[in-house]
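Numbering (our numbering), first residue to last: 14 to 222.
Backbone N, C-alpha and C fix where the C-beta goes; we use that ideal spot for every residue, glycine too.
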Amino acid sequence: MLFDISELPPAGAQLDVEVLVPDFDLGDEQRVTVLRASIAAFAKKTRRGIEISGRFSALTRLPCSRCLVSLDYPISSPIRLFVLPGGDAAGQFDGIADDDPDAIDLFPIEGSVVDLADVLREQIDLALPFRVRCADVDRECGPSREARGRRRRRRGGRQSVGRSRKTAREPPEEAKRRTKLVLTRVGERRHAKSETTSFQSPPRQAPRS
């Protein structure tokens, strides 16, 4: 989105727009995809140029530095920059420390047109941490998720086998009937064995007088 600072009224103007930011590389051949980005800021003229201050937000997609699986990383950060027409920012703010929290970012431009996509791309690049990991968005890394999935599949397989075994069991009534039948047959065999033993035993001889 283009913003012409020459059309800015003396009292300033509110910028509350969504901006289409193209993809860009973030070192180490990491590609950053900007899914959406917006800015809510106030632009006003000063004696040196245009000051833009407010807040921007973006949702980026980039690979985890550990497992290389893509993750969505949200950003919401204050923005304060000074648009310098003419393309030369040298010497404009000499003496401001780099670590000063109130320091103003300098954004030189050629002519009078500001490309907000370039502004937000630079701000997103500065706001992203050096290494982005799945833990930063409360997510387990790819290898951890795969290992947990394998454990779940193994547990699920054992439970399925247990359920199939339970299903194959006989109903209680059938089990009782079968047990009773077995006990009856065992009793019959014991009774038959006892009768056979009594029948085959030789008669006792009378003692001699």
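When you compare the CB positions of I88 and G67, do they come within less than 7 Å of one another, or not?
Position 75 of the sequence shown, counted from the start, is the residue given in the question as residue 88. Position 54 of the sequence shown, counted from the start, is the residue given in the question as residue 67. Contact: no.
Answer with buried or exposed for L15, where buried requires no fewer than 16 other C-beta atoms within 10 angstroms of its C-beta.
Numbered from its first residue, the sequence shown carries residue 15 at position 2. Its Cβ having fewer than 16 others within 10 Å, L15 is exposed.
If we ignore side chains and look at the alpha-carbon of each, how far apart do P22 and F55 end up?
Here residue 22 is taken as the residue at index 9 of the sequence shown, counted from 1. Here residue 55 is taken as the residue at index 42 of the sequence shown, counted from 1. Between P22 and F55, the alpha-carbon positions lie close to 12 Å from each other.
Considering only residues of the same chain and omitting the five flanking positions on each side of D36, which have a CB-CB separation below 8 Å?
Taking the first residue of the sequence shown as 1, we reach residue 36 at position 23. Taken in chain order, the residues that qualify are R44, V45, T46 and V47.
Could you tell me which residues DSSP pairs with Q27 in its beta bridges?
Taking the first residue of the sequence shown as position 1, residue 27 is located at position 14. DSSP output for Q27 lists F55 as bridge partner(s).
Rounded straight-line distance, which links the Cα of P142 to that of D149:
The residue labelled residue 149 in the question sits at position 136 within the sequence shown. The residue labelled residue 142 in the question sits at position 129 within the sequence shown. Each residue's alpha carbon lies about 10 Å from the other.
Report buried or exposed for T73, applying the criterion of at least 16 other Cβ atoms within 10 angstroms of its Cβ.
Your numbering for residue 73 matches position 60 in the sequence shown. Buried: at least 16 other Cβ atoms inside 10 Å.
Please state the DSSP three-state secondary structure of S78.
Numbered from its first residue, the sequence shown carries residue 78 at position 65. Note: S78 maps to coil in three-state DSSP.
Considering only the beta carbon of each residue, do Y86 and V126 sit closer than 7 Å?
On the sequence shown, position 73 is the one that residue 86 refers to. On the sequence shown, position 113 is the one that residue 126 refers to. No; because the gap between Cβ atoms is not below 7 Å, this pair is not in contact.
Can you give me the Cβ contacts of G62 inside the same chain, cut-off strictly under 7 Å, excluding the 5 residues immediately before and after it?
Translated into the one-based positions of the sequence shown, residue 62 becomes position 49. Once the five neighbours on either side are set aside, the close Cβ partners of G62 are F95, V96, L97 and P98.
If we count the other Cβ atoms within 10 Å of its Cβ and call it buried at 16 or more, is Q136 buried or exposed?
What you label residue 136 is simply residue 123 of the sequence shown in a count that begins at 1. By the neighbour-count rule (16 or more Cβ atoms within 10 Å), Q136 is buried.
Alpha carbon to alpha carbon, how far is G124 from R79? Give it in angstroms, no decimals.
The count along the sequence shown starts at 1 and reaches residue 79 at position 66. The count along the sequence shown starts at 1 and reaches residue 124 at position 111. For R79 and G124, the distance between alpha carbons rounds to 43 Å.
Please report the Cβ distance between A50 and L133, rounded to the nearest whole angstrom; I am assuming they are in contact, meaning their Cβ atoms lie under 8 Å.
Your numbering for residue 50 matches position 37 in the sequence shown. Your numbering for residue 133 matches position 120 in the sequence shown. Going by Cβ atoms, the distance from A50 to L133 rounds to 5 Å, so yes, they are a contact pair.
Looking only at its chain, what residues have a beta carbon closer than 7 Å to the beta carbon of S19, apart from the 5 residues adjacent to it on each side?
For the purposes of this step, residue 19 is identified with residue 6 of the sequence shown, where counting begins at 1. The answer, listed in chain order, is S125.
Can you tell me the Cα-Cα spacing of G40 and D138, whole angstroms?
Position 27 of the sequence shown, counted from the first residue, corresponds to residue 40. Position 125 of the sequence shown, counted from the first residue, corresponds to residue 138. Each residue's alpha carbon lies about 10 Å from the other.
Who are the near neighbours of A140 in its chain, counting only those whose CB is closer than 6 Å to its CB and skipping five residues on each side?
Along the sequence shown, one-based indexing puts residue 140 at 127. Same-chain partners within the cutoff: I88 and S90.
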